[in-house]
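If you're matching positions, the sequence shown starts at 4 in the working numbering and goes up one per residue. Reading through the structure tokens given below for one structure.
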Amino acid sequence: YILVEACWNYEALTPQVAFSMDRTPTVGQIALAFLQASFAFSGWNFLNYVTEEVVEPRRNLPLAIYISIPLVTFVYTLTNIAYFSSMSPEELLSSNAVAVTFGEKLLGMFSVIMPISVALSTFGGINGYLFTSSRLCFSGAREGHLPSLLAMIHYKYCTPIPALLVCVRTTSTHNLINYVSFINYLSYGVTIAGLLYYRWKKPNLYRPIKVNLLVPVCYLMFWALLLGFSLYSEPVVCGVGLVIMLTGVPVYFLGVHWKEKPKCIYTFIGEFLKGGLT
């Protein structure tokens, strides 16, 4: 945004025809667009995964949320204003990397700054994902919901090395964004519903961090509309994501609910994990 101000490049700020409206967008398509765009904001929930490693979490966790979410939203908004005000809709649609095209148009010989900045941003995102998601696997293994190997930590640095290696081995592609976004929001909604259930059934339970009920209720209503319209608009894509999530049900019953498993099953799981991590 500052670069646009400095370069006085407003040629596409008010285009006469921004995007072709040959087809009227449906509510389901708008909901799916929200679902896809939310992938860029999905890091807001990762703070909860590292609560036990945060110093004074009762103070610092809400503070981090209140600072990070408005700041990221503000930066993303200014970034989009810069893109739309300096490039035409045709350039945006034809570009494989909008940030690089933006840099080439406004920065000239200094356009190399943009891909470097994108790479650093990506590196930071991957670092945050590995740091937080590995703690999720670690906690699940510690509770007995995942193989105990993932609950092991480094004897000196106390980092969950096996859980980190599992997260490193996983990959994703652009085609999986719809699946991941649908699964994420489905799990968020179930979690919020569980929170409301416990606030109703156990109102006197000790809660170090407690928010007003209006926040989860509004989020749950938005979640229901978003996923409902997305499922109606893209039943196959969202259905695949739902099936992927439901594959955890038989794994739970076989791995957690079934207490008296034969020793050979534990041996197989251990050897399988050792082979996957080496």
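We put the CB at the ideal spot given by N, CA and C, even for glycine.
Of the listed residues the options, nearest to residue i (C-alpha basis)
| i | options | result |
| --- | --- | --- |
| residue 35 | 154, 185 and 87 | 185 |
| residue 225 | 29, 37 and 90 | 37 |
| residue 189 | 94, 228 and 75 | 228 |
| residue 54 | 211, 263 and 70 | 211 |
| residue 114 | 124, 102 and 32 | 102 |
| residue 144 | 259, 127 and 271 | 259 |
| residue 244 | 41, 205, 206 and 187 | 187 |
Short Cβ contact (8 Å threshold) for residue i with residue j
| i | j | result |
| --- | --- | --- |
| residue 81 | residue 68 | no |
| residue 167 | residue 133 | yes |
| residue 222 | residue 48 | no |
Own chain, CB closer than 7 Å to residue i, minus 5 neighbours either side, in chain order
| i | result |
| --- | --- |
| residue 64 | 50, 54, 57 and 212 |
| residue 294 | Residue 294 is absent from the model: the chain starts at 4 and stops at 281. |
| residue 147 | 259 |
| residue 239 | none |
Cβ-based neighbour list, residue i, same chain, cut-off 8 Å, excluding 5 preceding and 5 following
| i | result |
| --- | --- |
| residue 288 | Nothing about residue 288 can be reported from this structure: the residues present for the chain run from 4 to 281 only. |
| residue 61 | 211 and 212 |
| residue 164 | 155, 156 and 157 |
Anticipated Cβ contact below 8 Å, residue i with residue j, distance rounded
| i | j | result |
| --- | --- | --- |
| residue 195 | residue 219 | 5 Å |
| residue 117 | residue 126 | Wrong, their Cβ atoms sit about 15 Å apart, outside the cutoff. |
| residue 136 | residue 52 | 7 Å |
| residue 44 | residue 78 | Contact flag wrong, Cβ pair sits at about 11 Å. |
For residue j and residue i, the rounded distance between their alpha carbons
| i | j | result |
| --- | --- | --- |
| residue 97 | residue 131 | 31 Å |
| residue 93 | residue 242 | 33 Å |
| residue 216 | residue 198 | 10 Å |
| residue 4 | residue 86 | For residue 4, the predicted model reports a pLDDT of 47, less than 50, meaning its position is unreliable; a value from the coordinates is still stated below. Taking the straight line joining both Cα atoms gives about 8 Å. |
| residue 138 | residue 152 | 13 Å |
| residue 266 | residue 150 | 14 Å |
| residue 141 | residue 120 | 32 Å |
| residue 251 | residue 264 | 18 Å |
| residue 271 | residue 70 | 46 Å |
| residue 160 | residue 107 | 44 Å |
6 Å CB neighbourhood of residue i in its chain, flanking five on each side removed
| i | result |
| --- | --- |
| residue 284 | An answer regarding residue 284 cannot be provided, because it is not within the stretch 4 to 281 covered by the chain. |
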